[in-house]
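> The structure follows.
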Amino acid sequence: MFSIQDEVGCYIACVADSGLLPWLMASLFMALLLFAFYLKARSSRSRISSFIAAQLCMLASIAMVVSSMQCSRMLTIEIYTAYVFLSTMLILFLPRIYYRILIKRYRARPVAELMEWPQVFVNSLKEQYKTPGMSEVYYYNSAVPRAFASGKTIFLSMGLLEIMDKAELKAILAHEVWHLRHNTRTPILRHLSMITFTRNFSESELENMADIFAADVVSRRAVESARSKMS
Ligand SMILES: [Zn+2]
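Each number in this note's numbering corresponds to the 1-based position in the sequence shown with 1 added.
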């Protein structure tokens with residue numbers, strides 16, 4: 002009978018014997034760094050690439066442990082199972098809580114503190130199109146005109162609120178509500194990459210569909226003038 006401490010001790014001894022311990026530590030440290038970068042990254046491309054790189058570092062770490070094993074391999078399958086379990090939970094649940102990280106990062110505040118109508122408009126749209134759950138509209142302090150949706154939250158920058166008239170803001174909100182409605186059906190990497198109201202060719206198809214919805218709800222003219230102010 003092995004106790005779990007014995008097995009862990011055996012693993013550490015085997016890895017240390019094989020001379021891989023410094024590499025293992027470096028690889029685990031890199032995985033942590035890349036994951037921290039993933040949480041901080043602003044562009045969808047750097048977010049996806051840091052996430053994949055962190056996963057590769059974790060797999061490399063596991064491969065080093067497995068390759069240096071000389072005795073019991075019992076824990077190998079357990080470590081691998083735990084890793085697969087944890088990363089699957091992360092992939093499934095991180096997008097659901099990611100908007101909270103964004104609220105903190107951008108120091109976003111409910112837009113209702115500035116004006117009531119955007120939240121009322123979003124609530125009425127969600128009711129009209131029978132979308133379950135709450136969607137909250139937040140604003141954050143940045144001169145760059147930008148709007149994006151994550152999880153169940155729509156983010157608007159101060160710069161956007163300043164340059165758009167009411168019809169244009171409605172078109173932008175409708176566009177983002179479309180994204181929120183379709184988030185659950187969006188593939189995970191696109192979900193992670195977070196859909197933005199910017200010119201992004203890889204997302205152009207989704208952007209067109211969101212614009213068509215916004216034109217239906219508000220007007221084609223409002224969508225076009227909002228687009229022209231953002232480019
Ligand atoms: Zn969009």
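From the three backbone atoms N, C-alpha and C, an ideal C-beta is built for every residue, glycine too.
Quick one: what's got a C-beta closer than 6 Å to Arg221's C-beta in the same chain, skipping five residues either side?
If we look at Arg221 and ignore the five residues flanking it on each side, it has no Cβ neighbours.
> Tell me where the beta strand (DSSP E) around Glu137 begins and ends.
Glu137 to Tyr141
> On the DSSP letters alone, give me the boundaries of the beta strand (DSSP E) that Ala150 sits inside.
From DSSP, the beta strand (DSSP E) with Ala150 extends over Ala148 to Ser151.
> Go through its chain and collect everything with a Cβ distance to Val145's Cβ below 7 Å, but skip five positions before and after it.
Ser158 and Gly160
> Does the Cβ-Cβ distance between Cys58 and Leu35 come in under 8 Å?
yes
> What's the C-alpha gap between Lys127 and Met165?
22 Å
> Hey, would you say Ser143 sits closer than 8 Å to Val123, going by beta carbons?
no
> If Val16 sits next to Ser62, beta carbons under 8 Å apart, how far is it from one beta carbon to the other, in whole angstroms?
With a Cβ gap of about 10 Å, Val16 and Ser62 do not count as contacting.
> Bridge partners of Ser158, per DSSP?
Ser158 is bridged to Tyr141.
> Name the DSSP beta bridge partners of Arg110, please?
Answer is Tyr140, bridged to Arg110.
> Take Met231 and list the residues in its own chain whose beta-carbon comes closer than 6 Å to its own, dropping the five residues that flank it on each side.
Pro146
> Rounded to the nearest angstrom, what separates Ser229 and Arg182 at their Cα positions?
The alpha-carbon separation between Ser229 and Arg182 amounts to approximately 25 Å.
> For Pro119, which option in Ile173, Val67 and Tyr84 has the closest C-alpha, if you only look at C-alpha atoms?
Ile173
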